[in-house]
Each structure stands twice: as structure tokens, then as C-alpha cells.
Amino acid sequence: MKQHINCIICNSDKLTALQGYEKAHLCKCNSCDLVFSKVIPTSEELGKYYKNYGINNYLSPLTIKRYNELLDQFEPFRKTNKILDIGCGLGYFLLEAKSRGWEVYGTELSSESVNICIQKEINIENGTLKPENYENEMFDIITSFEVIEHINNPRSELQNCYNILRKGGLVYITTPNFNSLLRYRLKAAYNIITYPEHLTYYTPKTLKKLFELSGFKKSKIITTGISLTRFRISSGRSNQKIISAKSDDEKIRNLVDNKWYLHLTKNIINKLLTYLGLGDSLKGWFVK
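Residue numbers (this note's numbering): 140 to 427.
The following block contains the structure:
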């Protein structure tokens, strides 16, 4: 069993096993506080796990709305007019960007998803990010939705991003927050704690540290949301899909979005969750 000897972002050798999380092989760096799997999965393990990973093809109208709100924030960065989404899935986000005039690029491991993206006329690479396939400082924006937790070489990944992002360009990233209320409540039963699917677990502090060590400056970090769907699944009270039209989360999203006072309440709660660092979802904006 191959294991990490040093922290995967700060290289410290001061690692402590995280009690209660032995099934996921989690350890914590005593220098920078990063939590990650000390065990390095084999290619056979990963192949077996992801073989039946499946594709979720449900796209909520509210997700499309959120994508466009995010793209509004990207407008001031538009110079080369090129955007890259790492782990782009079925290309939903890139399709929205393309409809707004962006020249869109993506990477994706799933061959099935790659073929779907090709049909959508998205410039797509099958596999991990290979910077040699792009020009230096080519992109205005690089996005990564719920991907970085799957890898155990984040410094290498961000170095690749740094090389192909123009000076003044933006990296936007989302990942589960290890310091979320649900993780504190559910501990190892929280269903984001999964080996070998998730190998690295970030907090606002450790995500900021990772990007700073990679040459980026923090623009903004927020933590938002509390997932009723994940809580019920993790505690054995439901077998609903995480992303579906009938999930508890989707029902709540629609209810909140259609009532101005609930929408206002949600924004206030999310500001409080960000202030305390306790939201489920960790989102970061970082500038080169």
C-alpha cells in the first residue's frame, strides 16, 4: 500500500491520522491543516471505482440561472475570450458560456461525456489537463466544479493552470467544505467522505493556502448552503439521488427562488455561513 509521506500542498512531514476517519485513510497536516487520504489509490482501484460511476443528466433550470449569474461575474475578465472548464462533464456550463460568445474548452475523463461534448461542438480533451495542448497564457477563465477533491496532486494541477492562464486571469473553483456543519454533525458518515473517490478535503484556510503557494492571489472565498438531501442520505433516512428534480434540495431551491423574502433569507444565511466558514459548498475566486 503506497502512502504519502509529506503533505501534498506544503510538503511538511508532520502528519497525524484523523481518528474516526480510518476507512477513508484520512490524515491531517500539522503545519497547514490540510486533510487528505494518506493512502495513494492504485490505478486498478480507481478504474474499478469509476467504471460504474455513472452520468447524471439532470440539469435544473435553477442551475442554468446560477451559471449565468456566475458568467456575469466573469465578464470583466474577458480579453482573450477563452474559457476552460476542467472536468466539464456533459458540458452544461460551457454550453451556457458558448451561448454568450465565449470560445469554450473542456477536459473530461469519461469517454461517454466527451462524445456528448463533441456533439455540442465543445473543444474537449479526453483525460486530465495537459498544458502542452494549449498556448501559454491562453485563457481568461479556468473553472473547476467539484473536481479538486478527486485528485491528490493539487500543486501540479494548479501549476498547469497557472501556465495557461493569462496574467490577471481568474480561476474559479468549487469543492466540498470539510468544515461544514454537516461534516461536524455526521463525521465519517457524511457521504462526501469516500475513498477512493475523494482524496483531498479543503477548508477556506487550506484552499487559500494551496492557491497562494501556487502563485495566485485570493479574490474571494465563500461557503454556502446546507444540504438536506445529503443529510438524509448520510444518516440513512433517504435513498434519493443527490441531483434530481425530486430531491429535497431541488424542492427547497425552487421554493426559495420563487419567494423574494425566502431568497433574502437564504442570502443572509449564506453570508453567516461564509463568515463562520460552515457552509457545505466551498467556492473560491483566485487571480493570477
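Even glycine gets a Cβ: it sits at the ideal position worked out from N, Cα and C.
Note that the structure is predicted; figures quoted are calculated from it, not measured.
With a threshold of 16 other beta carbon atoms within 10 Å, proline 215 falls short and is exposed.
Residue pairing by DSSP places tyrosine 400 opposite no residue, since no beta bridge is assigned to it.
In this structure, threonine 181 lies away from asparagine 169, with their beta-carbon atoms at least 9 Å apart.
Annotation: lysine 357 to leucine 223 spans about 19 Å, alpha carbon to alpha carbon. It is roughly 5 Å from the alpha-carbon of serine 151 to the alpha-carbon of asparagine 145.
Counting only runs that start and end inside the region 299 to 360, the beta strand (DSSP E) elements of at least 3 residues fall at 304 to 315.
The criterion of a C-beta distance shorter than 9 Å is not satisfied by glutamate 260 and isoleucine 303.
Taking the Cα positions, glycine 186 is about 13 Å away from glycine 266. Ranking Ile382, Glu271, Asp211 and Ala328 by CA distance to the CA of tyrosine 301 puts Glu271 first. Annotation for phenylalanine 213: the continuous alpha helix (DSSP H) segment containing it runs 200 to 213.
Apart from the 5 residues on each side of it in sequence, leucine 415 has no Cβ closer than 7 Å to any other Cβ in its chain. Looking at the DSSP output, alanine 156 sits in a beta bridge with Cys166. As the crow flies, the alpha-carbon of threonine 345 is around 16 Å from that of tyrosine 311.
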